[in-house]
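See structure below.
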Amino acid sequence: MTVPDQTRPSAAPGSPEAMSLGAHLDELRYRLWLALLGFVAAFFIALAGGKWFARLVFSPYRAALKAAGLEAPLQAIQPAEPFLVYLKASLVLAALLASPWIFYQIWAFIAAGLHSSERRFVRRAAPASAALFAGGVLFFLLGLAPWMFRFLMQFDLGLDYLVYQPSAGRTLDFILVLALVFGLAFQTPLAIVLAERMGLVTVAAMQRSRRYVFLGAFVVGAVATPPDALSQIALALPLYGLYELALLICRLWPARASTAPPSDKNAGPTGAGVDQSA
Numbered sequence: 148m149t150v151p152d153q154t155r156p157s158a159a160p161g162s163p164e165a166m167s168l169g170a171h172l173d174e175l176r177y178r179l180w181l182a183l184l185g186f187v188a189a190f191f192i193a194l195a196g197g198k199w200f201a202r203l204v205f206s207p208y209r210a211a212l213k214a215a216g217l218e219a220p221l222q223a224i225q226p227a228e229p230f231l232v233y234l235k236a237s238l239v240l241a242a243l244l245a246s247p248w249i250f251y252q253i254w255a256f257i258a259a260g261l262h263s264s265e266r267r268f269v270r271r272a273a274p275a276s277a278a279l280f281a282g283g284v285l286f287f288l289l290g291l292a293p294w295m296f297r298f299l300m301q302f303d304l305g306l307d308y309l310v311y312q313p314s315a316g317r318t319l320d321f322i323l324v325l326a327l328v329f330g331l332a333f334q335t336p337l338a339i340v341l342a343e344r345m346g347l348v349t350v351a352a353m354q355r356s357r358r359y360v361f362l363g364a365f366v367v368g369a370v371a372t373p374p375d376a377l378s379q380i381a382l383a384l385p386l387y388g389l390y391e392l393a394l395l396i397c398r399l400w401p402a403r404a405s406t407a408p409p410s411d412k413n414a415g416p417t418g419a420g421v422d423q424s425a
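Following my numbering, the numbering of the sequence shown begins with 148 at its first residue and continues without gaps.
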């Protein structure tokens, strides 16, 4: 089996020629194949740490139990639930280990259709994207999740006929889904800065859209999180904060004016570029 060359044919940097649809599809298949190989390799490594990662994921739940002074052990209500929890934890750990490689392939595919100045931004954005994803996951696991579980447990304590004893599988799904949502939400600054660099949006337009973005953050929070107001608010507020961070970055480091097409110094008043030496 031959490994394809990592140098892919593309248009020359800064050239106006666009890749054909077939070339884009070939590039997409190539990058997906490399991302899959990286994930498979990371999965075999993650199998050794799956149990440790499961304990790490459940640590916010345990911290909330201690803070609330409760004894509510998780249940395994299905025969294969302990093994499925271990397998799912290993898959997620593999995704985290392979995320720098996967994000690099994503950005490399995007860079194939960009100009040279935009490609330089993409090369810097690839490691930043992986760091933001990991930061979003850790922000939820270490910051919000213990507080969220503690609130939910104390809320349930007001119902004397309700026994709080969730299953291990459902609790793991709850934590992992929210961790994934926060990891993806933390990509917001990078996406906005890239759009500003490409000229798709302007700082002035983003400043005028603050109220709509604030409302949209709560809509995204309602759609992407479990159906409770606490999870919605816990995602919506950081999401809007990330929007403001991206806006600040665009104001402090605006897109270079040199990326615009240079004007012809010999152009006449109408900009037709008539040769004056004729």
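We treat Cβ as the ideally placed atom computed from N, Cα and C, and that holds for glycine.
Quick caveat: nothing in here was measured; it's all calculated off a predicted structure.
Buried versus exposed call for residue i [16 or more other C-beta atoms within 10 Å across all chains shown]
i	result
A404	For A404, the predicted model reports a pLDDT of 46, less than 50, meaning its position is unreliable and no value from the coordinates is stated.
Q252	buried
Y208	buried
Q401	For the record, residue 401 in the displayed sequence is Pro; it is not Gln. P401 is exposed by the Cβ-count criterion.
W254	buried
A227	exposed
L183	exposed
L399	exposed
A352	exposed
R357	exposed
Simplified DSSP assignment, three categories, for residue i
i	result
S276	helix
P207	helix
P229	helix
W254	helix
P401	coil
M295	helix
A259	coil
F287	helix
F333	coil
L309	coil
S378	helix
L146	An answer regarding residue 146 cannot be provided, because it is not within the stretch 148 to 425 covered by the chain.
L217	coil
S237	helix
S167	coil
S246	helix
Best match in the options for proximity to residue i [C-alpha to C-alpha]
i	options	result
A236	L362, A338 and A195	A195
L288	L382, E228, R178 and Q301	L382
P229	R202, Y359 and L331	R202
G316	I192, Q225, V370 and H171	Q225
G388	A273, A352, G283 and G169	G283
D320	L231, L394 and A275	L231
Y311	Q222, A332 and L172	Q222
G368	S314, R178 and I380	I380
L394	V360, F365 and V366	V360
E343	L240, P220, F268 and S206	F268
V187	W248, A210 and Y233	W248
S263	Y390, L362, R357 and M345	M345
V366	Y308, V350, A326 and L384	L384
L341	R355, Y177 and C397	C397
V324	G197, A371, Q354 and P313	A371
F286	S314, L168 and L327	L327
Whole-angstrom C-beta distance between residue j and residue i, which should lie under 8 Å
i	j	result
A292	I322	6 Å
L377	M295	6 Å
A189	L279	Contact flag wrong, Cβ pair sits at about 19 Å.
E174	F250	With 8 Å as the limit, E174 and F250 do not qualify as a contact, their Cβ atoms being about 16 Å apart.
R266	A258	5 Å
A241	R297	That belief does not hold up - the Cβ atoms of A241 and R297 are roughly 30 Å apart, past 8 Å.
S276	L337	6 Å
L392	A364	About 13 Å; that fails the 8 Å criterion.
Y390	T349	That belief does not hold up - the Cβ atoms of Y390 and T349 are roughly 15 Å apart, past 8 Å.
Opposing strand residues paired with residue i [DSSP bridges]
i	result
S314	Q222
Residue i Cβ short of 6 Å to the ligand PLP heavy atom set
i	result
A189	The ligand PLP is not part of the structure shown, which contains no ligands of any sort.
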